[in-house]
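Worksheet: one structure, shown below.
In our numbering, the protein residues as written are 9 to 157.
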């Protein structure tokens, strides 16, 4: 399968897994208040991080891992802390969902989503290295998903 086809398959799987977590959250019953508060906090922080990183890409934002023709390499803001802040934010939001849902289905969907983002980010990084020679230096100093303390 081509990088283009693989990219779209990963995007589809990403939305299925996020949807699975959302369904498990919607089905959650009798969630203890502290668990609900912590899960809600993680979901809100993750959503805010993903939104912030998304807005910094503007009209260049796309779900497919291949950069658009007019792409510019972002290394500032959230992209100065991690190379994939949208994925980081979605994983943090997903963790919040798992805390709220408290089900094996939600936890397994989050685990699969983490693996998927690892694969998707590696494809994206290969494409970015081909497009931007300076990407290798950026990748050497900025972590993929979790910021350094």
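Where a beta carbon is used, it is the ideal one built from N, C-alpha and C, also for glycine.
None of the values given here were measured: they were computed from a predicted structure.
Residue 146 versus 154, 84, 102, residue with shortest Cα-Cα distance:
84
Hey, out of 152, 108, 35, whose CA is closest to residue 129's CA?
152
Would you call the CB atoms of residue 104 and residue 15 closer than 9 Å?
no
Local Cβ density within 10 Å of residue 123, reported as buried at 16 or more and exposed below that:
exposed
Roughly how many angstroms lie between the CA atoms of residue 11 and residue 133, to the nearest whole one?
12 Å
Close Cβ partners of residue 99 (< 8 Å) along its chain, the five nearest in sequence each way excluded
54, 118, 121, 122, 125, 153
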